[in-house]
Amino acid sequence: MSIAPINISGINSGLDTNSIISQLMAIERQGLNRLNTQKATLLSRQDAYRSFDSKLSSLRTAAKKLNTLGSLISYKGEASDKTKFDVAASTSAVEGNYHVTILNRSTKSVLNGTSDVGLSVDATKALNDGASLGPTFAAGAFTINSTQITVAATDTLDDVVNKINTSGAGVTASYDSMTDKFTLSSGANISLGSGADTSNTLSLLHLQADGTSNSITSSSALGGLNVSATMNDGSNGLRARTAVTDGGSGAGQFFVNGVAIDYNASTDSLSAVLTRINNSAAGVTATYDKSLDRVVLTNKSGGTSGISATDAGGSGNFVAALGLGGSATLGSNARITVDGFNNNQPITSADDVFTEAETGVPGLTLTLKSDSGSADVSVTTDNQAVVDKMQSFVNAYNDLMKFITDKTKVTGTGKDAVQGPLYGQQDVRSIRQTLREVVGGSVAGIASGVTTLAGIGVGTTGSEATLSFDSAKFSEALENAPGNFKSILADAANGVMTRVVGFVDAQTNFGSGPIAEKPNNMEPSLKRINASITRFNRNLDLKEQHLKNQFNAMERALSNLNTAGVSAALSALNSTLL
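Numbering (the working numbering), first residue to last: 9 to 586.
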């Protein structure tokens, strides 16, 4: 390993050689400083052009909303009774009033699977077991005829029967495994529950009473499917009366509305398969109805479209096991009438949303919010929306002009003067001048009346490049001189916004125009400067080391001279003494 020579400044010469080397290198680095300044200037200009291109694009976006009659004029729709409809009007709407009557909203088709598809409860299992009342069971107390009965999660349904019968509540409890229902009977009317109850036992037993009956039976079977358990890993964890299989290969499949749904009975739960259906393109919502112990498929959209579910041959029995092979109860289309349209006959829609395609009313969309009733719907020009669009354009234009002013100005004077990164750039000056001419000039082809943006409230601010906006004058022109107003902004050939969009497109062209390409065009120059800086730094290192070597050599030479002189003097002294 080499060790750099030690530099001891001026030990023999008395010179501050380190300071001398530093001053000499400072002179050498002046060229490097010039290169770094050039690089910083170019990077600043590159960044400024990127921002310039972005601001031009923002101006184009704002102008695009005003450069055609379709984008310039906005309409708004409003119902006289907002509880009946939501109303939307597009740019193709026509001002007018319409009387709309709702006949009915749409309903959705439903395919109900077979009820009581799951096994009966096991009266010998713990109440919170999936084979009994299930994991939603809450231990605690419940009340019958003002008598509290306390049950634990480890109790069984048989224990509940015994506890009720020995509680002194005056009722006899029983569970019928054939019907899978629980019964309470008494010689007097039975009352159930109280505000002090902490257990949901009565709810899970499907028992309800209003105090007017002496016999109460579960409103539906107590058992059901265990939707969170693996459907069938050999033990029928789903607890379906007919165990779900997948053909024995783990590649089970069935179809809903022609869309294939895959499952593995040994690893999937029913909950996972229902989620798979819901996330598929089948267009249905699949749920499990615990109260009736059945799977239900409901179309996501209304109307009369049916629902079909079939097993894939040889790939399992999911549909059959859950009783989904029946016919759906079909939904209905929404119906309205619009006075003067469709010969005043009902107009239908499958999804409660009536568009121009259904009603024939230009640019109008009605979304039903009520099952019946009627209301008047008005369509008018949305002047505020037009004002907002123009305000956005003025803001984008002024932002661009202020940016140009900031990036092209010179601050300071003389040797302290600092030029902005876009100072002296001809393309920037040209774009600013052209845009000012477009927004400030007259629009050709208008026979009489106002012909400029200034005439409708959008003018220059004296010597400044920015625009002012008189929204009141602008709205008045829209109301009183709509022809001139539209021509000034959106004439297909000469409109101000048409020309702004065309001009900016030519400059930016979605990333390939001259301004958009300007930053990329600077890359070769930056690469050359970086290469020069690298070489310069390498040469500076060599130069500095060379100077250090020279001064070290000088110090060693002086040291040798000094040593020789002392030796000669000592020899002469010795000769004299002898």
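All residues carry an ideal CB built from backbone N, CA and C; glycine is no exception. Because the structure is a prediction, the values reported are computed rather than measured.
Beta-bridge annotation (DSSP): residue 302 is paired with 297. Looking only at 209, 197 and 126, the smallest Cα-Cα distance to residue 158 is reached by 209. The Cβ atoms of residue 245 and residue 254 do not sit closer than 7 Å to each other. Scanning the region 183-246 from its first residue to its last, the whole beta strand (DSSP E) runs of 3-plus residues come out as 189-193 and 223-225.
Under the three-pair Cβ rule at 8 Å, the region 127-135 does not count as touching the region 304-314.
Under the 8 Å Cβ criterion, the region 392-399 does not count as touching the region 93-102, having fewer than three qualifying pairs.
Under a 10 Å Cβ-count criterion, residue 319 is classified as buried, with 16 or more other Cβ atoms of the shown protein chains found around its own Cβ.
Within the model, the alpha-carbon separation for residue 311 versus residue 155 is close to 51 Å. Where residue 94 is concerned, there is no enclosing alpha helix (DSSP H), although the beta strand (DSSP E) around it starts and stops at 93-97.
Rounded to the nearest whole angstrom, the C-alpha separation of residue 269 and residue 247 is 21 Å. Where residue 477 is concerned, there is no enclosing alpha helix (DSSP H), although the beta strand (DSSP E) around it starts and stops at 475-477. The straight-line gap separating the alpha-carbon atoms of residue 41 and residue 48 is approximately 10 Å. For residue 108, the pairing in a beta bridge is given by DSSP as 346 and 383. C-alpha of residue 424 to C-alpha of residue 417: approximately 14 Å in a straight line. In the three-state reduction of the DSSP assignment, residue 260 falls in the strand class.
Ranked by Cα distance from residue 189, the options 309, 122, 300 and 372 are led by 300. Counting C-beta pairs with one atom in each stretch, the region 505-515 and the region 462-478 have fewer than three that are closer than 8 Å, which means they do not touch.
When secondary structure is reduced to three states using DSSP, residue 38 falls in the helix class. With respect to the 7 Å criterion, residue 228 and residue 213 are not classified as neighbours on the basis of their beta carbons. The shortest C-alpha to C-alpha distance from residue 289 to any of 277, 274, 264 and 273 is the one to 264. Contact between residue 161 and residue 169 does not hold, since the beta-carbon distance rounds to 17 Å and is not under 8 Å.
Residue 277 carries a strand assignment under DSSP once its states are collapsed to helix, strand and coil. For the set 53, 62, 85 and 115, the Cα lying nearest the Cα of residue 339 is the one of 115.
Residue 111 holds the alpha-carbon nearest to the alpha-carbon of residue 360 among 136, 111, 200 and 250. In the structure shown, the three-state DSSP call for residue 86 is strand. Rounded to the nearest angstrom, the gap between the Cα atoms of residue 342 and residue 278 is 34 Å.
Annotation for residue 493: the continuous alpha helix (DSSP H) segment containing it runs 490-498. In the structure shown, residue 326 falls within a helical segment according to DSSP collapsed to helix, strand and coil.
Taking a C-beta distance under 7 Å as the contact criterion, residue 328 and residue 314 do not qualify as a contact pair. Between the alpha carbons of residue 379 and residue 117 lies a distance of about 17 Å. Rounded to the nearest whole angstrom, the CA to CA distance from residue 119 to residue 383 is 35 Å. Between residue 419 and the set 427, 349 and 175, the nearest pair of CA atoms involves 427. Between residue 98 and residue 371, the beta carbon gap of about 4 Å places them in contact (Cβ cut-off 8 Å).
Between residue 183 and residue 165, the C-beta gap is smaller than 7 Å, which places the two residues in contact.
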